[in-house]
Amino acid sequence: MSGFKRDHKEEEDGGGNPFQNIEKTTVLQEARIFNETSVNPRKCTPILTKLLYMLNQGEQLSAKEATDVFFAMTKLFQSKDVILRRLVYLGIKELSSIADDVIIVTSSLTKDMTGKEDLYRAAAIRALCSITDATMLQAIERYMKQAIVDRNPAVSSAALVSSLHMAKLAPEVVKRWVNEAQEAVNSENIMVQYHALGLLYHIRKSDRLAVSKLVTRSIQTLMYTNVSLQKSSYAVCMLIRIAAKLIEEEGADRKSSKSQSPYFQYIESCFRHKSEMVVYEAAYAVVNLNNSTSQEVAQAISVLQLLSASPKPALRFAAVRTLNQVAISHPAAVTACNLDLENLITDSNRSIATLAITTLLKTGAESSVDRLMKQIATFVSEISDEFKVVVVQAIRALALKFPRKHTVLMNFLSAMLRDDGGLEYKASIADTIITIIEDNPEAKETGLAHLCEFIEDCEHVSLAVRILHLLGKEGPKTKQPSRYIRFIYNRVILECPSIRAAAVSAMAQFGASCPDLLENIQVLLARCQMDSDDEVRDRATYYSSILNRQDKALYNNYVLNTLQVSMPALEKSLSEYINLNTAQPFDIKSVPVVAVSKSENDVKQKPEGMLISSGPTKISPSRDENFADKLNSLPDAQSLGPHFKSSEIVELTESETEYVVKCIKHCYAQHLVLQFDCLNTLNDQLLENVRVQLDVSEGFEIINEIPCPKLPYNETGTTYVIVKFPDGDILNSVGTFGAVLKFIVKDCDPATGLPDIDEGYDDEYMLEELEITLADQIQKVNKANWGAAWEEAESTFHEIEDTYSLSSMNTLEEAVVNIIKYLGLQPAERSDKVPKGKSTHTLLLAGIFRGGVDILVRAKLALADGVTMQLTVRSTDQSIAELITSAIG
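Residue numbering for the sequence shown follows my numbering, starting at 1203 and increasing by one per position.
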């Protein structure tokens, strides 16, 4: 009785983990009991449990230890104890990838798999497939087929899931089990149906036509017959996901709207399914389709609106979270749910309340902002950092939508900055403030003031460095630049070396931009030259020396607009230069320019934080650098010089044709390497000697063609053509090339892929014309201080000015987007954002033409009957300035 009471008391206290302090050595010692002549299940079961727990906690066994335990464990097959036997199966699965000669238990597992004891069979199948390789799979193929259609659901599911794993090792063998999997789809058990459908899709996923037939047949079965598949909500959810994927794949080819697709109609029919899980999955699939119109998502949003009123918290959460995501792309459609969302603000689940209120922030009117912000303030301290980030993202969208509300939003964000939180949370707030500052000039000084207060107590080095960089960039442009010097210099006195170095760089920018502060800045830099850290001293000495020259050109090139080269490429180029041991000076223009990311968030990466850090930081190579390494292995590529730029993918065929060809244009100083990625979608053909024959424009010269030796079915092969730009004729460096895909065809067996005959026949396939554009030859660069660069270029650059009428463009926004895209230049000083209601705008652009030629462009736009543009181009090469003006004309 006392023992019972003690156990009951331990249960009330929550007990403890009985395996918390186990040691590997002790467990391996205890496992020797497995070798005893007579198996004692009562002793072996807890030891085997300890072993499994230890492995699942990440404990590593050597191959010898694992092999010894494995062979000892196999002797437990003598026992008829059900629990011990199932633990043995788990042990085999865990040790199969570590121990040697695990194949020895194949016969025992095969016996259990085909035996009459249902409790053993499912687990035995899983264990057997974990030790079976591709060569052994055929030996158990007959048993696996039988297990897939077994009457016992557990056995059938185990066989189906194991087949899914085995398909990675031996896809051709598993493909032969299609008939059995098709039969299992019609099972009465919901999990068997789900697993069978998953296996069928995996087998056929590389064949779009086969997947389409699978989905069509399943949809017809569900909609027009009364079979058991409709009972499995899991299978229907999977079918919805596959159908949504098919809609996405055919979206580019379909001229009509998505709503006319039979797959879309099926997903919409699932809105009336009896399972709430299916209804939500269908609504989620519709609202997440790319480029959906408001009409296409309207019904799905109505469904989510109904689910948001569900008594089940999980359904309410799922519905509100999805509406929150949709509010970004379809705010007008979500506005209809605002009344229901307001009812959820007082929901007892704070996560649901947070999502509801942030959704309202994205869709609500300007007049409701103050009220909603007060409601958020009442519970924002009670929610996790993850949901605080959601709130911050909603505030960012709101600030961009209603610029006049920046004061209210900034005050709220500054209060959040003072609260406790992790790096991701604080970084999201800082990002939002920076976005508001850059988008709304009226908010600049307020935002900088909040950030200055924040760095006084900021405990995150990377965040403080980034804010200091922003202060150096934006502070000199404010009405009272001197007010920020104190905050920056405090960092030199109080912070770690990384922050001190960033503060030195920020002060130097004030000295270069504000002549009246130069003397004071020099005094502060002189103090920094006595710093204990060599990076801080070096920076202070470097900037002090430049500022002493009082040369605007030096200021612009070495303080305000920093070096725009790729750091990994610079390191590589310097290493090669040292190894050459040449007397010629190093040419910085030989180093590839760092590519500007398309993502706005990526553009705002902390440049100063990459220069120094508290520990070694690995800078991953960019897309262009990866291409450069790959291209260097091509014949003749070494003589082309440094790689300059790689274009985006250009499709030369439609995605549904028998041969799919895509092109990437790699630009060098005087050459162009055209990379053609080819895909053969015909399973009865093997292509050899695949190449692209070009009809180049006048002046271009084909240097070399590198064919693809062999192109089997459903594999991508690459062929290259190296082209030289016209000599000394920059004005003709844009053009259009005719292209024809040429190859040798060999008919082959679709099953094996082997050709029927040794000799094939020549064939060709017409491709779309390939355009060599101005943007292909220009690399975008960020100009932190475009105005200073433009002013300096007035006396040193060639200038050409012309006026154009852009009659095909009806808005300034449209004109800005098209000009940036056509010229391939990087907008500076947020000039790509056109203020609302303005009829005039100035677009500021910067870039580098192949060969390292600087380009600055100013486009003054005016809206009347269409858009009128006055374009001024400044470049170190007059012919390039002429090329830009003539290309637009």
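C-beta: ideal position from N, C-alpha, C; glycine also.
1. Output the boundary residues of the beta strand (DSSP E) element that contains residue 1911.
2. Decide if the region 1410-1422 is in contact with the region 1462-1477; the criterion is three or more beta carbon pairs, one per stretch, under 8 angstroms apart.
3. Pairs of beta-carbons, one from the region 1545-1565 and one from the region 1518-1525, closer than 8 angstroms: are there three or more?
4. Take every Cβ of the region 2045-2063, pair it with every Cβ of the region 1859-1867, and state whether three or more of those distances are shorter than 8 angstroms.
5. Unbroken alpha helix (DSSP H) runs of length 4 or more, entirely within the region 1654-1710: which are they?
6. Taking the CB atoms as reference points, tell me whether residue 1615 and residue 1571 lie closer together than 9 angstroms.
7. Enumerate, from N- to C-terminal direction, the unbroken alpha helix (DSSP H) stretches of 4 or more residues contained entirely within the region 1718-1763.
8. Does DSSP put residue 1869 in a helix, in a strand, or in coil?
9. Compute the distance between the beta-carbons of residue 1401 and residue 1376, then report whether it is under 9 angstroms.
10. Note the first and the last residue of the continuous beta strand (DSSP E) segment covering residue 1891.
11. Helix, strand or coil: which one does DSSP assign to residue 1998?
12. Under the three-state reduction of DSSP, which class applies to residue 1795: helix, strand or coil?
13. Specify, as a first and last residue, the run of the alpha helix (DSSP H) that residue 1256 falls within.
14. On a CA-only basis, which of 1689, 1698, 1256, 1648 is nearest residue 1219? Give me that one, please.
15. Does residue 1306 pass the burial test, meaning 16 or more other C-beta atoms within 10 Å, or should it be called exposed?
16. Is the beta carbon of residue 2042 less than 9 angstroms from the beta carbon of residue 2059?
17. Between the Cα of residue 1680 and the Cα atoms of 1699, 1650, 1709, 1301, which residue gives the shortest distance?
18. Between residue 1593 and the rest of its own chain, which residues show a CB-CB distance below 7 angstroms, the 5 nearest in sequence each way excluded?
19. Quick one: residues in its chain with C-beta nearer than 7 angstroms to the C-beta of residue 1237, no 5 flanking neighbours on either side, listed in chain order?
20. Identify every residue that forms a DSSP beta bridge with residue 2069.
21. If you draw a straight line from the alpha carbon of residue 1529 to that of residue 1952, how long is it in whole angstroms?
22. Going by beta carbon distance, what residues of the same chain come within less than 7 angstroms of residue 2081, once the five residues before and after it are set aside?
23. Heavy atom of the ligand ATP less than 8 angstroms from the Cβ of residue 1578, yes or no?
24. Could you compute how far the alpha carbon of residue 1355 sits from the alpha carbon of residue 1589?
25. With respect to the alpha helix (DSSP H) encompassing residue 1481, which residues constitute its N-terminal and C-terminal limits?
26. Going along the chain, which residues of its own chain have a beta-carbon closer than 8 angstroms to the beta-carbon of residue 1749, five neighbours each way excluded?
27. In terms of residue numbering, what span does the beta strand (DSSP E) encompassing residue 1925 cover?
28. Rounded to a whole number of angstroms, what is the C-alpha to C-alpha distance between residue 1669 and residue 1653?
29. Please report the distance separating the alpha-carbon of residue 2072 from that of residue 1930.
30. Going by DSSP in three states, residue 1940 sits in which element: helix, strand or coil?
31. For residue 1857 and residue 1922, I'd like the C-alpha separation in whole angstroms.
32. Quick one, are the C-beta atoms of residue 1335 and residue 1371 less than 9 angstroms apart?
33. Can you check which of these residues, 1967, 1903, 1962, is closest to residue 1863 by C-alpha distance?
34. As a quick exercise: from 1381, 1702, 1339, pick the residue whose alpha carbon is nearest that of residue 1373.
35. Using a threshold of 9 angstroms, state whether the C-beta atoms of residue 1888 and residue 1847 are closer than that.
36. Buried or exposed for residue 1383, please, with buried defined as at least 16 other CB atoms from any protein chain shown within 10 angstroms of its CB.
Let me spell this out:
1. 1910-1913
2. yes
3. The answer is yes - the region 1518-1525 touches the region 1545-1565, with three or more Cβ pairs under 8 angstroms.
4. Flag = no, the region 2045-2063 and the region 1859-1867 do not touch.
5. Segments of the alpha helix (DSSP H) lying fully in the region 1654-1710: 1663-1676, 1687-1696.
6. no
7. 1720-1730, 1736-1751, 1754-1757
8. strand
9. yes
10. 1887-1897
11. helix
12. strand
13. Secondary structure note for residue 1256: its alpha helix (DSSP H) is the uninterrupted segment 1243-1258.
14. 1256
15. So residue 1306 counts as exposed.
16. Against a cut-off of 9 angstroms, the Cβ pair of residue 2059 and residue 2042 comes out as no contact.
17. 1650
18. 1556, 1560, 1578, 1582
19. Contacts found: 1274, 1277.
20. 2008, 2065
21. 48 angstroms
22. 1932, 1933
23. Because no ligand of any kind appears in the structure shown, any question about the ligand ATP cannot be addressed here.
24. 41 angstroms
25. Its alpha helix (DSSP H) spans residues 1478-1489.
26. These residues qualify, in order along the chain: 1710, 1713, 1714, 1720, 1723, 1724, 1727, 1757, 1761.
27. 1918-1926
28. C-alpha of residue 1669 to C-alpha of residue 1653: approximately 7 angstroms in a straight line.
29. 28 angstroms
30. strand
31. Going by C-alpha positions, residue 1857 is about 21 angstroms away from residue 1922.
32. Against a cut-off of 9 angstroms, the Cβ pair of residue 1371 and residue 1335 comes out as a contact.
33. 1967
34. 1339
35. no
36. buried
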